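Peer 1:
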Amino acid sequence: MSTKVVDRSPLTFYERTYLPAILGGLKVTAKHFADTVFKGKSVTMQYPEERWVVPEGYRGAPYLVKDQEGATKCVSCQLCEFVCPPKAIRITPPGAEGQPADRHNAEKMPKEFEINMLRCIFCGMCQEVCPEEAIFLQKDYSLTGESRSEMVFNKEKLLKLGGTHAGIQKWKHKLEEAETQETFPVQTR
Amino acid sequence: MESLQYLSPTTQFVLFSALKILVVFGVVMTGVAYAVLVERKVSAWIQDRVGPNRTSPFFVDYIPVIGPFLVRLGIFQPMADGLKFMLKEDFTPSYVRKIYFWLAPAITVVPALMTVAVIPFGSTLGSEKMVIADLNVGILYTFGIVSLGVYGIVLAGYASNSKYPFLGGIRSSAQMISYEIAMGLSVVPIFLLTESLNLGDIVKYQADHGWMILKQPVAFVIFLIAAFAETNRLPFDLPESETELVGGYHTEYSSMKFALFFLGEYANMIASSAMMVTLFCGGWTLPGTLLSTPSSSLLVGLLHIGVFLSKMAVFMIVFIWVRWMLPRFRYDQLMDIGWRRFIPVALANILLTAVVVAL
Amino acid sequence: MPQFTDLLFFAFAGMALLFGFLTVANPVSRNPVTSAMFLVLTIISLAGLYLLLHAFFLAAVQVLVYAGAVMVLFLFVIMLLDIKEEERRRLKTFTVGVGSVAVAALLGILTVSALSAKPGSPAGQTRLAIGDTAELGKVLFNHWLLPFEILSVLLLVAMVGVILLSKKDLK
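Chains as they are written, first to last, in this note's numbering: chain C, 14 to 202; chain W, 509 to 867; chain G, 156 to 326.
1. According to DSSP, is E62/C helix, strand or coil?
2. Note down, in chain order, every chain G residue with its Cβ under 7 Å from the Cβ of S681/W.
3. Following the continuous beta strand (DSSP E) through I102/C, name the residue where it begins and the one where it ends.
4. Nearest CA to the CA of L810/W: which residue from T616/W, K637/W, L545/W?
5. Determine the direct distance from the alpha carbon of F126/C to that of K168/C, and round the result to whole angstroms.
6. Work out the CA separation of M720/W and N181/G for me, nearest whole Å.
7. Going by the beta-carbon positions, is the gap between V550/W and I825/W smaller than 8 Å?
8. L150/C CB to nearest chain W CB: under 8 Å?
9. Which residue's Cα is closest to the Cα of F566/W: G559/W, P576/W, V558/W?
10. Can you tell which of K152/C, S89/C, K170/C, P113/C has the C-alpha that lies nearest to the C-alpha of T105/C?
11. How many Å lie between I661/W and T49/C at the Cα?
12. When we look at the beta-carbon of I733/W and count the other beta-carbons within 10 Å, is it buried (16 or more) or exposed?
13. By the criterion of Cβ-Cβ separation under 8 Å, what are the contact partners of R557/W in chain C?
14. Roughly how many angstroms lie between the CA atoms of M478/W and K40/C, to the nearest whole one?
15. How many Å lie between G646/W and V179/G at the Cα?
16. Would you decide whether A866/W is buried or exposed? Buried here means 16 or more other CB atoms lie within 10 Å of its CB.
17. Taking one C-beta from the segment 78-87 of chain C and one from the segment 138-154 of chain C each time, how about it: are there three or more such pairs within less than 8 Å?
18. Would R282/G be called buried (16 or more neighbouring beta carbons within 10 Å of its own) or exposed?
19. Does DSSP classify L810/W as helix, strand or coil?
20. Give me the residue from W847/W, V830/W, I653/W with the minimum Cα distance to I35/C.
21. Under 8 Å Cβ-Cβ, which residues of chain W neighbour H45/C?
22. State the start and end residues of the unbroken alpha helix (DSSP H) segment that holds E125/C.
23. Going by DSSP, name the residue or residues bridged to V165/C.
24. Roughly how many angstroms lie between the CA atoms of N561/W and S780/W, to the nearest whole one?
25. Check this for me: beta carbons of A782/W and V624/W, under 8 Å apart or not?
26. Between W832/W and chain C, is there a C-beta pair that is closer than 8 Å?
27. Compare the C-beta of T288/G against all C-beta atoms of chain W and say whether one is closer than 8 Å.
28. In terms of DSSP beta bridges, what is T177/C paired with?
29. Express the C-alpha separation of K606/W and A259/G in angstroms, rounding to a whole number.
30. When you compare the CB positions of G772/W and V536/W, do they come within less than 8 Å of one another, or not?
31. With A191/G and I238/G assumed to form a contact (beta carbons below 8 Å), what rounded beta-carbon distance in angstroms separates them?
32. Is M314/G close to chain W, meaning its C-beta is less than 8 Å from at least one C-beta of that chain?
33. Check whether chain W comes within 8 Å of L39/C, counting only Cβ atoms and requiring the distance to be less than that.
34. G203/G CB to nearest chain W CB: under 8 Å?
35. Please state whether DSSP places T632/W in a helix, a strand or coil.
36. Which of helix, strand or coil does DSSP assign to K152/C?
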């Protein structure tokens, strides 16, 4: 049966004085009041002292990660900068005479990487598009600062907050493959 | 206090009246501030949550034992609220009628505060009667002042030149004048029984013959519900319902003027509770000989005032409780009840009481 | 040395005259709502005058009924019908002349009667000694019962007429 017939018989005289409705209301509110005051059953979470459990896959603030050997994974391809909807990411590529990357076989590393946390909408497109698995949206949900410039996170801060992500070190594997096959597309050591 | 006898009786009277006015005004204002807090806490507890429990000023560490407990009770929250109201920006929109915009909150607050002038909140303290103005037409004065309170809302709605406040103001004033009639009629049987309009005499009658609530339950119920309608509290708060009319007649107001409206509403609640206690629940008396006669000592006088205040607190909690118990009345249902149900019942009650008294 | 009650009398009487004047001839604003509010203030000053004559019941009822109910309904009508401000009309000489003659005549009668009245013993004070409610009730229902009943019938007729006129279809 998908339909349920609700009983809408006309109200008796006693019901029309609204007294049963009022007494019912009295009972419900009194019960809730007694439960909250005497048995301490309240649904409030006292925030700074009790925190909620962040579920997996939660889209918090985006941070840069390092791999197992402590090298920056980002190679300054600028894909995240182009895909970011509110244009919160600004990358300064190293240029021809810039500092080389700090790990084997990577071509380059960003000279400066800034994310403006006030513009970020936490959509996760930068994480989806990054080919190096270098930027991840982690579980940090409360970001505060005392000025707008304080909320523009630069590369060191992002790396520090990002932590380590032990992933596939693909450039290292490519280098080892190339060494075994004895072709060297890139000068490394 | 022998020095007081050197002053003439008129000066004494003026001095004591001024003192009583100041004390009562202070108590009512503090009562209003803490009524807001009590409302927030009790509403929270009824709704399975905790109310304000974190406001702690800098000196709470110096209070020895119960400091953190007071913070969890939210005792200091009204201080924060008062500070907030004073520091918020008080702007006047450009499209309002300026004079009425400024007048309306004042006209709302003043009658609410004036109603407490006739209420006997104790018997005597020393040789001073504990009522600011012992009028022989006490009840009529009260109803007259309550009916002046309608102007504040009408003008508030009119002054804010916009749709929702105007509708809210008109509806609210129509509701208030309808329920004034029911309130007035329901109180007439009390005068048939006590043969006096003086509120002190009514308290004395109840001390001698038993509380009015037992003799006139119908009148009590009608007065209670009409008091809800007069103070624009749920279930009759259609004029200021946040879900229907944005903010009702106080949409356009900010900071201090909004605080005055708020104050007026809670002062009205306090005045209605005080009226109900005096008319139906025995005022400052309790059954028993110690607490039912005017006292000659200071301690018993203070005890009488304490009895009055605790009864008033019970009625305030009833006001707050009913708010979360019943859904809001629709406007036509509200007017229907006010005109077509309460007035005939009140009139029948008067007839019945008159017949019983005449026999 | 004027007594306090004399001062109060002059205060209330002056206020009543001033607010009455401002109701009709407000030089600052021609808003009908402003006129209605000044009328409320006039009524309250009159209630004060009643208080000075020891008619407490009458003063309270004046505020309750007139200022509290009748004027609120006036305000309703003004607001709901959106009565705009009065336009200034050209003053005609004939109207001004007749008006000033009538006002002068009234003032003359009032001055003559005020100057020739003997002070003391206002009429009927011995009967309504204190203006007590019970006394007022007794006089109203014994001596003036017929006008009272006629007035109630008048109000009833007005209400029935309004309900009949406001019904849309009179089948």
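Positions of the beta carbon are idealized from the N, C-alpha and C atoms, including for glycine.
The model shown is predicted, which means the values in this text are computed figures rather than measured ones.
Peer 2: Walking through what the data contain:
1. coil
2. What S681/W touches in chain G: V227.
3. 102-105
4. K637/W
5. 5 Å
6. 50 Å
7. yes
8. L150/C does not count as touching chain W.
9. P576/W
10. S89/C
11. 37 Å
12. The C-beta of I733/W has 16 or more other C-beta atoms within 10 Å across all chains shown, which makes the residue buried.
13. T49, S55, V56, T57
14. Residue 478/W cannot be examined here, being either before or after the span of chain W that is shown, 509 to 867.
15. 34 Å
16. Classification of A866/W: exposed, given that the 10 Å Cβ count is below 16.
17. Contact holds: three or more Cβ-Cβ distances are below 8 Å.
18. Caution applies to R282/G, whose pLDDT of 49 falls short of 50 and renders its modelled position unreliable; the value that the coordinates give is listed next. Burial call: exposed.
19. helix
20. It is V830/W whose Cα lies nearest to the Cα of I35/C.
21. Near H45/C (Cβ distances below 8 Å), the residues of chain W are W553, I554, Q555, D556.
22. Counted as a single uninterrupted DSSP element, the stretch harbouring E125/C is not any alpha helix (DSSP H) but the beta strand (DSSP E) occupying residues 125-129.
23. N129/C
24. 29 Å
25. yes
26. So yes, W832/W belongs to the interface.
27. Chain W, which has a Cβ nearer than 8 Å to the Cβ of T288/G, makes this yes.
28. K79/C
29. So the alpha carbons of these two residues sit roughly 39 Å apart.
30. no
31. Contact between A191/G and I238/G does not hold, since the beta-carbon distance rounds to 10 Å and is not under 8 Å.
32. no
33. yes
34. no
35. Correct three-state label for T632/W: strand.
36. coil
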